[in-house]
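J.:
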Amino acid sequence: MGNCATEHWLNSAWTLRPPNPTDNKEAIVITNDTLQQHRELTSDYGVLDCIIAETKLTPEDDAYEVAKRGISAFVEELLKPQNSGEPVKKALVDRMIAQIDMKLSRQMDEILHHEQFQSLESSWRGLHLLVDRTNFRENIKIELMNVSKQDLLEDFEDSPEVTQSGLYKHVYTAEYGQFGGEPVAAIIGNYAFSPSAPDVRTMQYVASVASMAHAPFIAAAGPRFFGLESFTGLPDIKDLRDHFEGPQFAKWQSFRQQEDARHLALTLPRFLLRSPYDPENNPVKTFVYKENVSGDHEHYLWGNTAYAFATRLTDSFARYRWCPNIIGPQSGGAVEDLPLHHFESMGEIETKIPTEILVSDRREYELAEQGFISLAMRKGSDNAAFFSANSVQQPKFFGNSEEGKDAELNYKLGAQLPYLFIVNRLAHYLKVLQREQLGSWKERTDLELELNKWIRQYVADQDNPSAEVRGRRPLRAVNIAVSDVEGEPGWYRIGLSVRPHFKYMGADFTLSLVGKLDKDQPV
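Residues 1 to 523 (full-length UniProt numbering) are what the sequence shown spells out, left to right.
1) What is the DSSP secondary structure of L338, reduced to helix, strand or coil?
2) Could you check which residue in S275, E408 and F309 has the C-alpha nearest to that of S374?
3) What are the complete alpha helix (DSSP H) segments, minimum 4 residues, inside the segment 392 to 476?
4) Cα separation between F317 and D158?
5) Pull up the distance between the alpha-carbon of I140 and that of I188, whole angstroms please.
6) When you compare only the Cα positions, how much space is there between C323 and P247?
7) By Cβ distance below 7 angstroms, which residues in the same chain neighbour F421 in space, the five residues on each side in sequence not counted?
8) For the segment 192 to 207 against the segment 217 to 234, are there 3 or more C-beta pairs whose distance is under 8 angstroms?
9) Output the residue ranges of the alpha helix (DSSP H) runs that lie fully inside the segment 220 to 304 and measure 4 residues or longer, sorted by chain position.
10) Return the CA-CA distance between E298 and F386, expressed in angstroms with no decimal places.
11) Taking only runs of the alpha helix (DSSP H) that begin and end inside the segment 91 to 175, which ones reach a length of at least 4 residues, in chain order?
12) Since D61 sits in a beta bridge, which residues does DSSP pair it with?
13) Just checking my contact of L447 with V482 at CB under 8 angstroms: how many whole Å lie between their CB atoms?
14) For the 8 angstroms Cβ check, are there 3 or more pairs between the segment 93 to 112 and the segment 279 to 293?
15) Starting from D344, follow its DSSP beta bridges and name the residues at the other end.
16) Among R493, A415, L451 and V469, whose alpha-carbon lies nearest the alpha-carbon of V478?
17) Would you mind working out which of D242, S497 and N190 sits nearest T267, comparing C-alpha positions?
18) What do you reckon, are the CB atoms on L234 and E366 nearer than 8 angstroms?
19) Ignore the nearest five residues each way along the sequence and tell me which others in N304's own chain have a CB closer than 6 angstroms to its CB.
20) Checking 8 angstroms against the spacing of the C-beta atoms, do residue 567 and Q393 come in under that value?
21) In chain order, what residues of the same chain have a beta carbon less than 8 angstroms from the beta carbon of S122, not counting five sequence neighbours either side?
22) Would you kindly work out how many angstroms separate the C-alpha atoms of D61 and L167, rounded to a whole number?
23) Return the bridge partner residues of V478 from the DSSP annotation.
24) Count the C-beta pairs between the segment 255 to 270 and the segment 393 to 409 that are closer than 8 angstroms, then say yes if the count reaches three, no if not.
25) I need the boundaries of the beta strand (DSSP E) containing S374, first residue and last residue.
26) Using a Cβ-Cβ cutoff of less than 7 angstroms, which residues in the same chain neighbour S72 once the five nearest sequence positions on both sides are dropped?
27) Residues in its own chain within less than 7 angstroms of Q370 by CB, not counting five upstream and five downstream?
28) Taking 7 angstroms as the cut-off, is the beta-carbon of N281 closer than that to any non-hydrogen atom of the ligand FAD?
29) Would you kindly check if the distance between the Cβ of Y411 and the Cβ of S511 is under 8 angstroms?
30) I need the straight-line Cα distance from E77 to V88, nearest angstrom please.
31) Buried or exposed: where does A384 fall if 16 or more other Cβ atoms within 10 Å of its Cβ makes it buried?
32) For F193, count the other beta carbons within 10 Å of its own beta carbon; 16 or more makes it buried, fewer makes it exposed. Which is it?
33) DSSP has T355 in a bridge; who is on the other side?
34) Going by other Cβ atoms of all chains shown within 10 Å of its Cβ, with 16 needed for buried, is E486 buried or exposed?
35) How close, in whole Å, do the beta carbons of A389 and A265 come, if the pair is a contact with beta carbons under 8 angstroms?
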């Protein structure tokens with residue numbers, strides 16, 4: 001390209017004139033000296049190379065190609081008809097940058113709102129929430145296992161029995177069943193289940209492992225449980241009991257009646273993991289980005305509520321060394337500081353609440369009766385709370401007698417996670433204690449005596465103990481009974497019955513657990 005072409009290009013791009021002290025300082029002025037330099041440079045190089053040469057960059061520099069593409073795009077924009085003859089001022093450059101930001105924003109919207117990307121971001125942000133709200137100085141560990149719901153089911157069905165599955169080996173064999181292992185307190189599954197046959201089979205398998213490891217499996221219920229595509233339609237269902245009596249829930253209801261079902265819990269609805277990106281309220285550092293979420297509920301980043309529930313478990317353990325304090329806004333069930341999105345609609349400021357829907361007291365009770373854990377939003381605030389924590393197990397009817405009602409109450413409470421975590425924690429201790437003392441107990445009576453002696457350190461038989469006493473001695477009464485297992489030499493059957501200090505609807509209750517321990521075999 002010759003000198004004339006260079007001068008023509010420069011004249012078409014900028015207004016050429018001598019510098020004037022009265023000029024706007026933001027204007028770019030090309031002097032005769034500059035033109036002469038360009039004429040000399042462009043005798044051997046192109047226009048872009050000529051301009052880049054002024055930046056002192058060479059083709060060997062890493063930034064050379066990037067700068068060349070940037071200048072090319074900049075010049076192309078300057079040569080558009082709408083910019084013809086306009087001096088290159090800050091306002092023009094800002095307008096060009098704003099147009100680039102708009103293009104980037106539309107591209108980012110397409111990426112962030114893609115179903116697969118949302119799933120990935122939701123998983124990591126949910127995990128970040130749990131890690132960020134866990135006090136790891138209080139002897140709490142979080143371990144990760146990357147497995148899809150489909151792979152989990154296939155692993156179970158490819159295994160001859162549950163005890164040979166991958167989940168069993170990770171949760172039970174490697175920890176609870178291993179000398180020196182640390183029992184797992186809970187398993188948080190980043191899954192959303194439905195009443196479909198494959199999902200019910202998966203829940204049966206994981207509940208079996210959770211029951212053996214005394215570690216409840218906590219995941220989420222998807223909207224398909226309610227015949228919906230989104231939870232936004234949940235308030236419109238008139239009667240949940242009638243809904244779940246449909247034939248499509250036959251396998252689900254059958255699973256709910258199994259003993260292992262008490263070790264599986266499903267949470268709902270989803271909750272907001274982050275507010276949409278916005279230059280003022282949630283800015284992006286690299287460019288001006290305003291995320292467009294208008295008109296589509298699914299464009300928001302929703303998270304699995306099992307993560308929010310898990311934060312209540314780690315908080316309760318950090319405070320009290322076990323996990324019954326996980327329900328109630330004042331008793332450990334509150335999930336605070338959730339994202340809110342304020343936006344303008346028809347001239348008024350509206351707010352997108354941090355849960356998909358508002359769950360009324362009545363609807364929360366109905367969901368709990370059907371085996372679901374609801375996250376209820378506190379209206380006009382940025383926090384929500386879990387008011388109940390039932391497992392999916394269906395309560396049983398034991399008759400109208402006084403004994404039957406007591407048995408029904410104890411069974412019902414045994415299926416609720418706050419009370420289940422009590423007996424599970426004690427079961428972990430008993431297993432570890434028995435393994436540590438293997439060889440020192442010669443008879444069944446010796447084992448029973450030693451176990452009862454050990455557990456009494458957590459008992460305070462008082463009517464109204466102080467909070468400090470309840471923290472150190474959380475049980476009002478306890479009994480451990482050990483018996484031989486008929487037809488199975490080498491095993492003891494152990495029955496654990498505990499009565500916590502707190503009451504249910506003003507009445508005392510007893511929690512029980514029956515399991516087996518290895519019997520010491522003399523060499």
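Think of the CB as a built atom: it goes at the ideal place given N, C-alpha and C, for glycine as much as any other residue.
T.: Let's see:
1) L338: coil per DSSP, three-state reduction.
2) Considering only alpha carbons, the answer is F309.
3) Counting only runs of 4 or more, we get 402 to 414, 417 to 436, 444 to 455 and 467 to 472.
4) 36 angstroms
5) 14 angstroms
6) Their Cα atoms are separated by approximately 37 angstroms.
7) W322, C323 and P324
8) yes
9) 240 to 243 and 250 to 256
10) So the alpha carbons of these two residues sit roughly 24 angstroms apart.
11) 115 to 132 and 149 to 158
12) D61 is not bridged to any residue.
13) Going by Cβ atoms, the distance from L447 to V482 rounds to 5 angstroms, so yes, they are a contact pair.
14) yes
15) In the sequence on display, residue 344 carries Glu and not Asp. Answer is I349.
16) The shortest C-alpha separation from V478 is found at L451.
17) N190
18) no
19) For N304, the CB contacts under 6 angstroms within the same chain, skipping 5 residues up- and downstream, are G126, N190 and A220 in chain order.
20) Past the boundaries of the shown model lies residue 567; the chain is included only from 1 to 523, so the question cannot be answered.
21) L273, L301, W302, G303 and N304
22) Note on geometry: alpha-carbon atoms of D61 and L167 lie some 52 angstroms from one another.
23) V498
24) The segment 255 to 270 is in contact with the segment 393 to 409.
25) F372 to M377
26) Residues L48 of the same chain have their beta carbon placed closer than 7 angstroms to that of S72, with the five preceding and five following residues left out of the count.
27) For Q370, same chain residues with a beta-carbon under 7 angstroms away, outside a window of 5 residues either side, are L240 and F244 in chain order.
28) Summarising the ligand content, the structure contains no ligands, and the ligand FAD is consequently not present.
29) At residue 511 the sequence reads Leu, which differs from the Ser that was named. It is not a contact, given that the beta carbons lie outside the stated cut-off.
30) 11 angstroms
31) buried
32) buried
33) F271, per the DSSP bridge assignment.
34) exposed
35) 7 angstroms
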